[in-house]
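The structure under discussion appears below in the form of C-alpha cells.
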Amino acid sequence: MTEGELDFDPEELAMLRQLFRTEAQDALDVVTARVLAAGSTRPSSDALTEMMRVTHTLKGAAGTVGLPAIVDLSHRLESAFAALGRDAIPWTPATADELVEITDGIRAYFDVAGEPAADALAARILDQIDQIARPDRRPESQPPPFVEPPPEPVLDPVAEGLAVPEPKAWLRVEPQRIDGLMSSAGELLFDRTRIERRVQLLRTLSRDLARTRQTLHDALGDTGVPSRSTLVATEADLAGQAALLAQTTAALLDEIEALRNTIGELQRGLTQIRMESARSLMTHAARTLRALRRATGVRVELRTIGEDTEFDKAVAEQLVDPITQLLRNAVAHGIEPPEERVGRGKPVTGTVTIRARQDGNLLVLELSDDGRGIDTAALRGRLVTTGQWSAARAQLADDAEILDALLGTGLSVRGDADELAGRGIGLGLVRQTVAKLGGEVEVSSTPGRGTTFSLRLPLSTALAHAMLFKVGGQVYAIPNVHVVDTTLVDAGATTKIVRHELLPVLRLELLLGHGLGSDRRPGVVVSFAGKSLVCTVDKIVGPREIIIKPLGPLLAPLTLYAGATISGSGKVQLILDPAQLVRRAHPDAPTTSLADPGSAPMVLAGRALVVDDSRAIREAMTSMLGREGWIVDVAEDGARALQMTRQLRYDLIVTDLEMPEVDGFDLIARLRKDERFQTTPIIIITSRANPEHRRRARELGVRALVAKPITRRKLLEALATKQ
Amino acid sequence: MAELRNVIVFTIGGVRYAVELRWVREVVSLGFVTGVPTAPSALGGVCNLHGAILPVLDVAVLLGGPPGPPARQGDGALVLETEEGLICALRVDQVDHVASLHESDGALIDASGRPLRLLDPTSLVRHALELVGSAGATITEPLA
C-alpha cells in the first residue's frame, strides 16, 4: 500500500503514525512483560489471549496508518500466539528469548521505517517468527543463531515527535525546599507550645479570679459591711489579675500573629514544592536541538535566557511537546541555508533563542529564530488557493491574522515540498496544548529577520488568576490570561474600538438571559486564539486568585462554562469559556476540532461514537467522520462506551469487535436492549470478519461490517448502506 | 409480589414522593444557589457542597410538569448518588420520615394507606443529562 491510497494528508498521517507508534510501543511492552513473566514455562491461556489481543489491535491500526510490514508481522505473531495457546507448537526454554528479540526487532523497525534497511529488518523478524512457529520444532531444538543484533533504537526527536512519555505523577524536590518546610513545621510546634503556655496562664488566672470573687462573696455574705481592709486587699488582687489578663491577651494576639505567619510560610513552601525552574525545560530543548542538528545538518545554536524563572512542574512537563514542535519548526522552516544567510549578512550559524520570564502571574516563554521569517504574502495566497479562506477575507486580514491562521488546528497547507508545508497540524497542537493549560500562543515574524512564538501561561495550574465581574446579580469569572483590558461600552453599541482595533461587542447580559442593558456599561476585553471581543457586564469586580473546580458530568455539556470556583463566602461562581465567547462573536474563528473547516459551512450529520482500543484508529475515524459533518466522541472500550451511551444519545455507533472486557458484539447487544439505541445505525470495523461474525451482525441489526484498514471510500459506502 | 423498600418520604409542591435510602447520601440545607444561564429548567442551579459543585435538580420538570419554585439558600434538599456515581441534589419542601414500605408497580403505600410515588434517581439524572445535553448542543452552534 502506498500513502497515496490513504485518506489523510501528509501532516495528518505523520500525526497518526506518531500516535500509532506510541500505541505499538505499549502493545509490545505488554507482550514483552508477559513473555518475561512466563520465562521457560508456557504463559497462562489468559496471558496468551491478551498477547493475541494486543497484537491483533496492532495489526488493525497498522493497516489504517499504512504500514503493511507491521500488518504482516503482527498477523504472523498473532498466529504464533494462537498456535502456542492451543499447544500446536511447544513453548521451549528458548521461546521467551526469541519473542523478546522479535518484539525488540519490531520496535527497531519503527526507527528505520521508510528507509532501505526496513525491508531487510522486516524479513529477518518474519524469519524469527517462523522459527517459533515451525511445526517440526522439537523442544530441545536450539534457538537459531542470531545474525546481527537489531540496531540500537536512537532517540531522535524528529521521529519521536510528540511521542514523549506521559507526564509522571512525581515531584522531584530540592532538599533545601523540604528543609524550609521542616523548619516552618518546627516553628509551628514552637508557636503551639507558646500558645499552650499562655492558655495555661489564662486558666490559672481564671482560678485566681474565682478565688477573689469567693473572698468578696464571703465578705458580702457576712452581716454588716465588709471591712475596708478586706475590700482593699480584694481590689489589689483584682488589679493584679486584670493587669495579668491584659498582658496575656496581648501576648496571645502576638503569638497568633506569629502562627499566622508560620502558616503563610508553610503555604508558600508547599506551593514552591510544585515549582521548578525553566532549566530542565531548556536542557531538554538543547538536547532536542542537538538531535535535530544531527538529523538535518542545519547549522543552528541554542541560546537560553531566564533559566531561573520558576513555574509549576505540571506546566513545565506539558510544555515539552510544544517546545519540541516549535524547535522542529524553526529548524525545518526558519533557518536558511548557509549561503543564503551569508548573502543576507547574517552569521552562518543560525540561532534559536528561548527566553523565559515572569510577567505578573504569568509565565512568558518566547522561542525565536533569526531565520527567514514567514512569508505572509505566500501564506495569504495559500489560504485562498486551498479554499480555506475566501479571497475577500484574506485581503481584509492583516499580517497578524494571517500568521495566526498558522496556529489554527484545521489549517493544513497542502502542496508539494513547500517551505510552508508541515506547519499546520503541529502548530495547531501547540496551541491546543497551551490552551489546555489555560494559556495562549502568539506568533510574530519579520521577513528576513526571523519568527517569534510567544507562549503566555499561568505559573501554576491549580491556582488561576481570573477577572471577576457581575452580570444579572451573579459573579462570573474569565481566566486573566485571556482578559486583555477593560473598557466602557455605550448603550446599543455593537462594536468598540480598543487600542486602535475595532472589536465586536458581545452583550453578556443578553447571553446570560437578563435582558439587554440600556445604559453605558463596563466591558471586559477578551482575547482567545488571536481573536478579541468586548463583553459587556454590569460591574467589574476585579482580578482575583481562584481555584478552578470541574463542573461535573451533568453540567459538562454546557460548553459556555469552563468550570466554576467557590468564593470566600462559599458561593459558586461560574467561569466562562473564552473560546466559546470568541466563537459567538467570530463565528468563522477556527474551532478546536481536528476536522478540516473547509470553505462551505458544514452540515451537521449528528453525534457519533467511535469505540476502538486503538488510539490511532480512533483519531483516524474522528478525522474521517469529522469531515462528513459528524460530531465524534470516542471510547477506548465497550465498558466506557456503555457509560457514555447512558449519558448521551448517539446517531451513529462505530465499533471494533475485539476489545478487553465488554467486546463489540456484547456492546451492540446491550445497546439494542436500550430503547434509545434500538434502531441506531451501527457500523462494525474489524480485521477479522468470518461468516459467524456476519451472521451475528445481521441478527443485531448492524448496518455494515467494514474490514480494516478503514478507508474513506469504505466508510462512505458503509454510511450510505440502507438497512 | 410486593417488595419491602427502605425509603425516605418527602414532599415537593404538595406531592409526596419517596426515594430508596440507598441512593440518599445526605439531607442538607442548601447553600447559596447560583443560577446557570443557558441550562434547561430541569437544572435549578448549582451549590457548593463540601467544596464541590453540586447541581440542584427540579423534580417537577424532570417528571414532565411545569417548573417548581426556584431553589434558594436554606431550602431543604436530598443529595442523591446515582448508579453511575453522579451526585446531584433534589430541592424538597419538607422531609417527612424514613420508613420501610411495600412497593407494587412503582407505587408505595404508606402506613396510613396513602399512595406515594417512588422516584429512581438514576433514571431522573439520565433524563436530566439528556435535557442538558441537548441544550448544550444547540448552544455550541455558532450564531450566524
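For the record, the sequence lines run as chains G and W.
Sequential numbering from 1 applies to the first sequence in the numbering used here.
Sequential numbering from 724 applies to the second sequence in the numbering used here.
Note that beta-carbon positions come from the ideal geometry of N, C-alpha and C, so glycine has one too.
- G:Lys-673: member of the alpha helix (DSSP H) spanning 664–673, first to last residue.
- Within its own chain, the residues whose Cβ lies closer than 7 Å to the Cβ of W:Val-818, once the five positions on either side in sequence are excluded, are Ile-731, Phe-733, Val-750, Gly-799, listed in chain order.
- With a contact defined as Cβ atoms closer than 8 Å, G:Thr-487 and G:Val-525 qualify at about 6 Å.
- C-alpha of W:Leu-785 to C-alpha of W:Leu-841: approximately 14 Å in a straight line.
- In this chain, W:Ala-800 is not harboured by any alpha helix (DSSP H); it is covered by the beta strand (DSSP E) spanning 799–804.
- Per the C-alpha coordinates, the member of G:Pro-479, G:Ile-631, G:Val-471 positioned closest to G:Gly-523 is G:Val-471.
- Burial state of G:Ile-178 is exposed, judged by a 10 Å Cβ sphere holding fewer than 16 other Cβ atoms.
- Note on geometry: alpha-carbon atoms of W:His-825 and W:Gly-808 lie some 26 Å from one another.
- Taking 9 Å as the cut-off, the beta carbon of G:His-465 is found no closer than this to the beta carbon of G:Pro-578.
- The three-state secondary structure of G:Val-505, taken from DSSP, is strand.
- Per DSSP, reduced to three states, the secondary structure at G:Gln-25 is helical.
- Residue contact check for G:Ile-566 against chain W: a CB pair falls below 9 Å.
- In its chain, beyond the 5 residues on either side, Val-747, Arg-748, Glu-749, Val-750, Val-751, Leu-772, Leu-777, Ile-810, Cys-811, Ala-812 have a beta carbon closer than 8 Å to the beta carbon of W:Val-802.
- Contact fails between the region 553–564 of chain G and the region 442–462 of chain G, because fewer than three Cβ pairs, one in each stretch, are under 8 Å apart.
- Scanning its chain for C-beta atoms nearer than 8 Å, with the 5 sequence neighbours on each side dropped, one finds around G:Ser-184 the residues Thr-262, Glu-265, Leu-266, Gly-269, in chain order.
- Listed in chain order, the positions of the region 548–582 of chain G with a beta carbon within less than 9 Å of a beta carbon of chain W are Lys-549, Pro-550, Leu-551, Gly-552, Pro-553, Leu-554, Leu-555, Ala-556, Pro-557, Leu-558, Thr-559, Leu-560, Tyr-561, Gly-563, Ala-564, Ile-566, Ser-567, Ser-569, Gly-570, Lys-571, Val-572, Gln-573, Leu-574, Gln-580.
- Closest option to G:Gln-25, judged by alpha-carbon separation, among G:Leu-201, G:Ser-280, G:Ala-616: G:Ala-616.
- Residue range 313–329 is occupied by the alpha helix (DSSP H) that includes G:Asp-321.
- W:Ser-823 has its alpha-carbon roughly 6 Å from the corresponding atom of W:Leu-727.
- Of the residues assessed, G:Pro-447 falls on the exposed side of the cut-off, its CB having fewer than 16 other CB atoms within 10 angstroms.
- Under a criterion of Cβ atoms nearer than 7 Å, no residue of chain W is adjacent to G:Gly-517; the nearest Cβ is some 15 Å distant.
- The residues Phe-81, Leu-84, Gly-85, in chain order, have a CB closer than 7 Å to that of G:Leu-48 in the same chain once the five nearest residues on each side in sequence are set aside.
- The straight-line gap separating the alpha-carbon atoms of G:Leu-216 and G:Ser-229 is approximately 12 Å.
- Taking the Cα of W:Ala-775 as reference, the smallest distance to any Cα among G:Val-572, G:Arg-694, G:Ala-689, G:Arg-713 is reached at G:Val-572.
- For G:Met-282, the uninterrupted alpha helix (DSSP H) run begins and ends at 279–296, by DSSP.
- Beta-bridge annotation (DSSP): G:Leu-574 is paired with G:Tyr-476, G:Ala-564.
- Taking 8 Å as the upper bound for CB-CB distance, G:Gly-530 and G:Glu-661 are not in contact here, some 44 Å apart.
- For G:Gly-638, no Cβ of chain W is located within less than 9 Å of the residue's own Cβ.
- In the DSSP assignment, the residues bridged to G:Met-467 are G:Ile-478, G:Pro-543.
- Taking all protein chains in view, the Cβ of G:Thr-288 is crowded by 16 or more other Cβ atoms within 10 Å, so the residue is classified as buried.
- G:Ala-108 and G:Ala-117 have their C-alpha atoms roughly 11 Å apart.
- Of all residues in the region 728–760 of chain W, those with a C-beta nearer than 9 Å to a C-beta of chain G are Gly-754, Phe-755, Val-756, Thr-757, Gly-758, Val-759, Pro-760, reading in chain order.
- Counting C-beta pairs with one atom in each stretch, the region 426–436 of chain G and the region 353–364 of chain G have fewer than three that are closer than 8 Å, which means they do not touch.
- Taking 4 residues as the minimum length, the alpha helix (DSSP H) runs contained wholly in the region 59–99 of chain G are 68–85, in order along the chain.
- In this structure, the CA atom of G:Val-298 is about 17 Å from the CA atom of G:Arg-344.
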